[in-house]
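Here the structure comes first, spelled out in structure tokens, and everything after it is commentary.
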Amino acid sequence: MEVTELVACLAAEWGLPVLSQAEMDEILAFAGEIAHMSERRAAPLACWLVGRSGRPLSDALAFVRSIAPTTSSE
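Residues in the sequence shown are numbered from 2 upward in steps of one, following our numbering.
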């Protein structure tokens with residue numbers, strides 16, 4: 002099953018609106034940030050926490066970026 006079809010099926014089952022492409026892109030960007038700053042398995046856990054928090058994903062992404070370790074080029 003293709004990802005958009007699966008996500009639409011889950012949304013319908015749980016009485017949620019179907020995600021737009023922009024929303025999916027934002028979620029995947031958030032998950033990518035988490036996966037690159039920690040173990041990959043942290044990404045779905047962080048996504049679940051954001052969903053439970055009810056906070057905008059953009060705020061969560063800004064927070065994650067603010068706590069991400071920086072690399073020095075020196």
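Positions of the beta carbon are idealized from the N, C-alpha and C atoms, including for glycine.
(message) Just to confirm the assignment, what range does the alpha helix (DSSP H) spanning R66 have?
(response) Per DSSP, R66 belongs to the alpha helix (DSSP H) from L58 to I68.
(message) Can you give me the C-alpha to C-alpha distance between P18 and S39, rounded to a whole angstrom?
(response) Distance between the alpha carbons of P18 and S39: 30 Å.
(message) At the level of alpha carbons, what is the spacing between F64 and R53?
(response) Between F64 and R53, the C-alpha separation is close to 16 Å.
(request) Return yes when the Cβ of F31 is within less than 9 Å of the Cβ of L11, no when it is not. (result) By the CB criterion at 9 Å, L11 and F31 fall outside the cutoff.
(message) Suppose you measure from the CA of E24 to the CA of A69; what does that come to, to the nearest Å?
(response) Distance between the alpha carbons of E24 and A69 is about 22 Å.
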